[in-house]
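**Q**
Numbering (the working numbering), first residue to last: 2 to 392.
1) On the three-state DSSP scale, how would you describe residue 142?
2) Report, in whole angstroms, the separation of the C-beta atoms of residue 181 and residue 222, which I expect to be a contact under 8 Å.
3) Mapping the DSSP letters down to three states, classify residue 61 as helix, strand or coil.
4) I'd like to check one pair, residue 3 with residue 28: are the Cβ atoms closer than 9 Å?
5) Determine the contact status of residue 155 and residue 129, defining contact as a CB-CB distance below 9 Å.
6) Is residue 186 closer than 9 Å to residue 1 when the C-beta atoms are compared?
7) Using only CA atoms, which one of 346, 215, 251 and 89 lies nearest to residue 99?
8) Determine the DSSP secondary structure at residue 319, reduced to helix, strand or coil.
9) Ordered along the chain, which non-local residues of its own chain (more than five positions away) have a Cβ less than 8 Å from that of residue 390?
10) Quick one, which of 136, 147, 254 and 198 has its alpha-carbon nearest residue 169's?
11) Counting Cβ pairs, one atom from each stretch, are 3 or more of them under 8 Å apart for the segment 189-205 and the segment 69-77?
12) Helix, strand or coil for residue 273 per DSSP?
13) Which residues bound the beta strand (DSSP E) around residue 184?
14) Express the C-alpha separation of residue 356 and residue 119 in angstroms, rounding to a whole number.
15) What is the DSSP secondary structure of residue 365, reduced to helix, strand or coil?
16) I'd like to know if the segment 42-52 and the segment 295-308 are in contact, where contact means that at least 3 CB-CB pairs between them fall below 8 Å.
17) What distance in whole Å lies between the Cβ atoms of residue 233 and residue 243, which are believed to be in contact at a cut-off of 8 Å?
18) Under a three-way DSSP split, which group does residue 66 fall into?
19) Please confirm if the segment 51-67 is in contact with the segment 345-354, defined as three or more CB-CB distances below 8 Å between the two stretches.
20) From the DSSP secondary-structure annotation, give me the bridge partner or partners of residue 102.
21) Between residue 147 and residue 138, is the Cβ-Cβ spacing less than 9 Å?
22) Rank 327, 257 and 51 by C-alpha distance to the C-alpha of residue 92 and give the top, closest one.
23) Are the segment 28-39 and the segment 3-15 touching, with three or more C-beta to C-beta distances below 8 Å?
24) Taking 8 Å as the limit between beta carbons, can you name the residues of its chain near residue 313, skipping five residues before and five after?
25) Can you list, in chain order, the stretches of the alpha helix (DSSP H) that have 4 or more residues and sit fully within the segment 227-282?
26) Is the beta carbon of residue 241 less than 9 Å from the beta carbon of residue 206?
Structure, rendered in structure tokens:
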């Protein structure tokens with residue numbers, strides 16, 4: 002009998018497992034994959050997200066793998082509007098980072114194991130186990146065999162298409178649908194100029210450094226163009242980079258591509274009910290947003306910390322107190338993320354409204370305001386507050 006079973010061992014699941022295990026809980030962590038393994042992700046972390054790793058003692062080990070710090074951000078929004086600044090710091094963390102998921106996810110899984118969580122790779126969730134109106138465990142398959150594990154709490158951390166959420170009937174709300182589509186690839190040979198974002202006319206190109214001396218280059222379009230661009234993805238990808246960022250396109254031509262261009266056209270924006278009798282959801286399983294502002298991993302870490310803190314206090318015999326703790330987590334998650342959720346949806350349209358462009362035309366010459374805009378992008382400064390400060 003476990004205290005908590007987590008389904009999914011990527012960023013949300015492994016960090017929640019680690020924190021609960023550190024608090025003394027008996028934790029089982031399941032995932033279909035073995036690690037290291039990759040997943041579709043643009044893997045960018047703002048300082049607030051990296052600060053969680055720092056608090057957990059994992060940022061220094063991550064940086065020692067050759068993950069470069071990203072100390073400057075720039076937004077190229079018009080011929081006469083280029084906003085440059087260092088990222089908005091979070092605690093003692095002053096840089097963004099963009100670790101490859103093969104590195105980050107393995108680091109988190111290993112940290113969960115070191116804390117005492119039991120990790121079982123190659124396990125696919127099949128169904129919840131119910132007892133007296135509560136979720137009391139799960140059945141899962143591994144190597145062709147079906148097993149059952151029981152726990153006081155089961156947490157789905159299995160992504161935006163969460164099979165666990167479907168199985169428990171979690172309701173979706175605040176569903177904004179799909180706004181954009183996004184694709185990315187890796188190249189070496191680019192100069193390190195921090196994170197560069199180019200936005201114009203419903204499309205975007207982004208480049209930032211990552212492991213192995215490579216840059217991740219990202220292109221985003223309106224979802225309405227998905228069917229068109231996927232028919233000839235490489236051509237559309239390079240044409241958009243050439244249009245928005247000719248200097249980067251030239252570097253792609255002279256540099257070396259590593260792997261193929263990948264991405265997705267199902268970039269959902271929603272919340273799900275994330276608390277019920279004996280169960281909860283964390284990470285994209287319970288709340289997901291378009292990757293336009295690169296909030297996903299940082300969100301997962303923040304949710305993991307909130308959920309683990311509340312749950313770890315209530316792992317006694319009172320199941321109602323445990324359910325109240327998970328409900329409190331879900332309500333607080335919604336409260337903390339609503340403003341950034343709405344602002345991110347606006348970013349995902351890859352259009353810069355004229356009032357914002359006018360403000361940024363001035364702010365680009367004012368270092369403090371330029372850095373506050375980086376805070377807007379990171380989800381830590383409200384757009385309304387930023388615009389109000391311009392009056």
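Beta carbons are placed, not taken as given, at the ideal position from N, Cα and C, and that holds for glycine.
**A** Checking against the coordinates, here is how it stands:
1) The residue labelled residue 142 in the question sits at position 141 within the chain shown. Of the three classes helix, strand and coil, the one that applies to residue 142 here is strand, per DSSP.
2) Locating residue 181 in the chain shown gives position 180, where the first residue counts as 1. Locating residue 222 in the chain shown gives position 221, where the first residue counts as 1. Contact holds; Cβ gap of about 7 Å.
3) For the purposes of this step, residue 61 is taken as the residue at position 60 of the chain shown. Residue 61 falls in the helix class under three-state DSSP.
4) By one-based count along the chain shown, residue 28 stands at place 27. By one-based count along the chain shown, residue 3 stands at place 2. For residue 28 and residue 3, yes; Cβs fall inside 9 Å.
5) As a working mapping, residue 155 is identified with position 154 in the chain shown. As a working mapping, residue 129 is identified with position 128 in the chain shown. Yes.
6) With the chain running from 2 to 392 in the structure shown, residue 1 is simply not present.
7) Taking the chain shown and counting its residues from 1, one reaches residue 99 at position 98. The option with the nearest alpha carbon to residue 99 is 215.
8) One-based indexing of the chain shown puts residue 319 at position 318. In the three-state DSSP reduction, residue 319 falls in the coil class, being neither helix nor strand.
9) If you number the chain shown from 1, residue 390 lands on position 389. If we look at residue 390 and ignore the five residues flanking it on each side, its Cβ neighbours are 370 and 373.
10) The residue labelled residue 169 in the question sits at position 168 within the chain shown. Comparing Cα positions, the closest option is 136.
11) Output reads yes: the segment 69-77 touches the segment 189-205.
12) Within the chain shown, the letter at position 272 stands for residue 273. Residue state, collapsed to three classes: strand.
13) Your numbering for residue 184 matches position 183 in the chain shown. That run of the beta strand (DSSP E) goes 181-189.
14) In the chain shown, residue 119 corresponds to position 118, counting from 1. In the chain shown, residue 356 corresponds to position 355, counting from 1. The alpha-carbon of residue 119 is positioned some 52 Å away from that of residue 356.
15) For the purposes of this step, residue 365 is taken as residue 364 along the chain shown, with counting starting at 1. Secondary structure at residue 365: coil, using DSSP grouped into helix, strand and coil.
16) Flag = yes, the segment 42-52 and the segment 295-308 touch.
17) On the chain shown, position 242 is the one that residue 243 refers to. On the chain shown, position 232 is the one that residue 233 refers to. In fact, because the Cβ distance is near 15 Å, the residues do not count as touching under 8 Å.
18) Here the question's residue 66 lines up with position 65 in the chain shown. For residue 66, the three-state secondary structure derived from DSSP is coil.
19) Short answer: they don't touch.
20) For the purposes of this step, residue 102 is taken as the residue at position 101 of the chain shown. Beta-bridge pairing links residue 102 to no other residue.
21) For the purposes of this step, residue 147 is identified with residue 146 of the chain shown, where counting begins at 1. For the purposes of this step, residue 138 is identified with residue 137 of the chain shown, where counting begins at 1. Contact flag unset, no.
22) By 1-based counting over the chain shown, the position of residue 92 is 91. Checked all of 327, 257 and 51; the closest Cα to residue 92 is 51.
23) Contact between the segment 28-39 and the segment 3-15 is present, with at least three C-beta pairs closer than 8 Å.
24) Position 312 of the chain shown holds residue 313. The beta carbon of residue 313 sits closer than 8 Å to those of 20, 21, 24, 25 and 26, all from its chain and outside the five residues before and after it, given in chain order.
25) The DSSP assignment places 227-232, 234-245 and 247-255 as complete runs of the alpha helix (DSSP H) inside the segment 227-282, in order along the chain (cut-off: 4 residues).
26) Sequence index remark: in the chain shown, residue 241 carries index 240 (1-based). Sequence index remark: in the chain shown, residue 206 carries index 205 (1-based). Using a Cβ distance threshold of 9 Å, residue 241 and residue 206 count as a contacting pair.
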